[in-house]
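Visitor:
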Amino acid sequence: MKVWIILCLVAVYCNCNQEGETSVTEADRYYKVEGTIILPADALSRSTWQSDVRIQVNYGETLGFVKKDGTFTIHNLLPGSHLIQVFHVDYDFEAVRVDITSKGKMRYRRNNSLKPSDVQLVPAPLRMMPRAPIVYFKPKEGWRITDALMNPMVLMLLVPMALMYIMPKMVSNDPELKKEMESMQMPKMDVPDVSEMLSSWLGGAPPKKEKKAIQGRKK
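For my numbering, add 1 to where a residue sits in the sequence shown, where the first one is 1.
1) Would you please state the rounded distance, in angstroms, between the beta carbons of residue 130 and residue 39? I believe it to be under 8 Å.
2) Let me confirm a value: residue 155 is counted as buried when at least 16 other C-beta atoms fall within 10 Å, else exposed. Which label applies?
3) Suppose you measure from the CA of residue 134 to the CA of residue 92; what does that come to, to the nearest Å?
4) Which residues does DSSP list as the beta-bridge partners of residue 109?
5) I believe residue 1 touches residue 127 by the beta-carbon criterion, under 8 Å. Please report the beta-carbon distance rounded to the nearest angstrom.
6) Return the Cβ separation of residue 85 and residue 99 in integer angstroms, given the expectation that the two are a contact with Cβ distance under 8 Å.
7) Is residue 78 buried or exposed, if buried means 16 or more other CB atoms sit within 10 Å of its CB?
8) How would you call residue 19, buried or exposed, if buried means at least 16 neighbouring beta carbons within 10 angstroms?
9) What do you reckon, are the CB atoms on residue 55 and residue 88 nearer than 7 Å?
10) What alpha helix (DSSP H) runs, 4 residues minimum, are completely inside the stretch 109-187?
11) Since residue 180 contacts residue 173 with CB under 8 Å, what's their CB separation in whole angstroms?
12) Thinking C-alpha only, which one of 105, 104 and 97 is nearest residue 114?
13) Can you tell me whether DSSP reads residue 46 as helix, strand or coil?
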């Protein structure tokens, strides 16, 4: 009977020891990332500035919250590559990628989707600063005189007027060019008389032109 009791106690102790080792091993697999959010003074002056900031890991798989001093901690990260993004109402932040090895070594780098091979390391702990304010509406442009001058209708009027002013001066200064321009002009065509055209249409004879009589002196 004593032997059975001893065997049961040994089995329970071994089982508890195995469970303790398993829990420690699983706990060691999770890591945390720490950083600081740096905002301009106008954003920090708001009473709700903490709720305006949102931290996401891997597009929302894990969320992080900002403390009053601007620091944040993201827990329960497994080994692998994780994308950390900071979202704010008025400012745009650059995303950072964290690579965690199986031994717990971490590497922070800029997230370059166009050139993943271009690795730009970021020092730890993270200091997330906004790169530019977010513009939701395009600012209204003021009136400029160049807008009026570059109008197609204005250009259609100004260009011919400029040519009419410049071309005569160019022709007058160059005799050869003046001769070429005169030779290129079309000869004048004889235009019929309107009265003759009307009389021919109405069926009447065209009016005869009066001829001046030339009186010669008789010798």
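Beta carbons are placed, not taken as given, at the ideal position from N, Cα and C, and that holds for glycine.
Guide: Let's see:
1) For the purposes of this step, residue 130 is taken as the residue at position 129 of the sequence shown. For the purposes of this step, residue 39 is taken as the residue at position 38 of the sequence shown. At roughly 5 Å, the Cβ-Cβ gap stays under 8 Å, so residue 130 and residue 39 are in contact.
2) Taking the sequence shown and counting its residues from 1, the one referred to as residue 155 is at position 154. Residue 155 is exposed by the Cβ-count criterion.
3) Along the sequence shown, read from residue 1 onward, the residue named residue 134 stands at position 133. Along the sequence shown, read from residue 1 onward, the residue named residue 92 stands at position 91. Residue 134 and residue 92 have their alpha carbons spaced roughly 4 Å apart.
4) Along the sequence shown, read from residue 1 onward, the residue named residue 109 stands at position 108. The partner list for residue 109 (beta bridge, DSSP) reads 99.
5) The question about residue 1 has no answer, for the chain in this structure spans 2 to 220.
6) Translated into positions along the sequence shown, residue 85 becomes position 84. Translated into positions along the sequence shown, residue 99 becomes position 98. Yes, they are in contact, since the Cβ atoms of residue 85 and residue 99 sit about 6 Å apart, within 8 Å.
7) Stepping through the sequence shown from its first residue, residue 78 is reached at position 77. So residue 78 counts as buried.
8) The residue labelled residue 19 in the question sits at position 18 within the sequence shown. Only weak support is given to the placement of residue 19: the predicted model assigns it a pLDDT of 46, under 50, and the value that follows is read from those uncertain coordinates. Its Cβ having fewer than 16 others within 10 Å, residue 19 is exposed.
9) Mapped onto the sequence shown, residue 55 falls at position 54. Mapped onto the sequence shown, residue 88 falls at position 87. Yes, the Cβ-Cβ distance between residue 55 and residue 88 is below 7 Å.
10) Within the stretch 109-187, complete alpha helix (DSSP H) segments of at least 4 residues are found at 146-150, 153-174 and 176-185, given in chain order.
11) If you number the sequence shown from 1, residue 180 lands on position 179. If you number the sequence shown from 1, residue 173 lands on position 172. That belief does not hold up - the Cβ atoms of residue 180 and residue 173 are roughly 12 Å apart, past 8 Å.
12) Here residue 114 is taken as the residue at index 113 of the sequence shown, counted from 1. It is 97 whose Cα lies nearest to the Cα of residue 114.
13) Residue 46 sits at position 45 when you count from the first residue of the sequence shown. Reduced to three states, the DSSP call for residue 46 is coil.
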